[in-house]
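See structure below.
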């Protein structure tokens, strides 16, 4: 069951790729300590993004490259863990309707009106390390559980039994700009001992010009 929960979260750490730069600070849910930072840089067209992962000391330990040229909701990607010399890849645009990794953030905006109106959205989600997609379900959170000016969503496995054993993902978006502001759940980044970790990731969007290239 632990492996299912880890694979479930790999692709949901994504931000707006419309030529925007962003920084995500991941804090431990248990003790509130900073665990790592994500630095997102996208091309001016938003069709290619690089995410660099740094430890609290500012040292780079992982890098992910996401290519949206063939599909916004099903990009291709390469994830490198520099600590262990491990590289994982996923080919994009493999099947109509499947959501891949960071493409989930685009998928939320594509389905925004449905979600905001209270509809439950079901989709197939392919993550690094799996050959077959997972059946997922996303829904709008109760208004009283979401801060003013934000739109909150709950994402879980679309399986009655597994959804009770694996904690859902909590996402908070700015209600106007539709940018991801906060993620809560199991991180796709393991700690230095190789253990999974529950994190809260706060995203901010520095007002700076996007880089023309992320290679």
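Residue numbers (mature numbering (1 follows the signal peptide of the UniProt record, and there is no 0)): -22 to -1, 1 to 193.
We put the CB at the ideal spot given by N, CA and C, even for glycine.
- With contacts defined as CB atoms closer than 8 Å, residue 157 and residue 183 qualify as a contacting pair.
- If only uninterrupted beta strand (DSSP E) runs of at least 3 residues are considered, those enclosed by the region 97 to 137 are 99 to 104, 112 to 118 and 128 to 135.
- For residue 56, the enclosing beta strand (DSSP E) starts and ends at 54 to 59.
- With fewer than 16 neighbouring CB atoms inside 10 Å of its own CB, residue 123 falls in the exposed class.
- Rounded to the nearest whole angstrom, the CA to CA distance from residue 12 to residue 82 is 25 Å.
- Straight-line spacing of the CA atoms in residue 30 and residue 59 works out to 10 Å.
- For residue 162, the beta-bridge partners assigned by DSSP are 148 and 178.
- Between the C-alpha atoms of residue 84 and residue 132 there is a straight-line separation of about 16 Å.
- Judged by beta-carbon spacing, residue 130 lies within the 8 Å limit of residue 119, meaning their Cβ atoms are closer than that value.
- Your pair residue 75 and residue 46 does not check out as a contact, with CB atoms roughly 17 Å apart and the cut at 8 Å.
- If you compare the alpha carbons of 17, 48, 153 and 62 with that of residue 42, the shortest gap goes to 17.
- Between residue 172 and residue 145, the gap from beta carbon to beta carbon reaches 8 Å or more.
- In the three-state reduction of the DSSP assignment, residue 81 falls in the helix class, which pools H, G and I.
- Shortest Cα-Cα distance from residue 8 to any of 2, 19 and 176 involves 176.
- DSSP places residue 64 in the uninterrupted beta strand (DSSP E) bounded by 64 to 68.
- Remark: C-beta atoms of residue 167 and residue 14 approach each other more closely than 8 Å.
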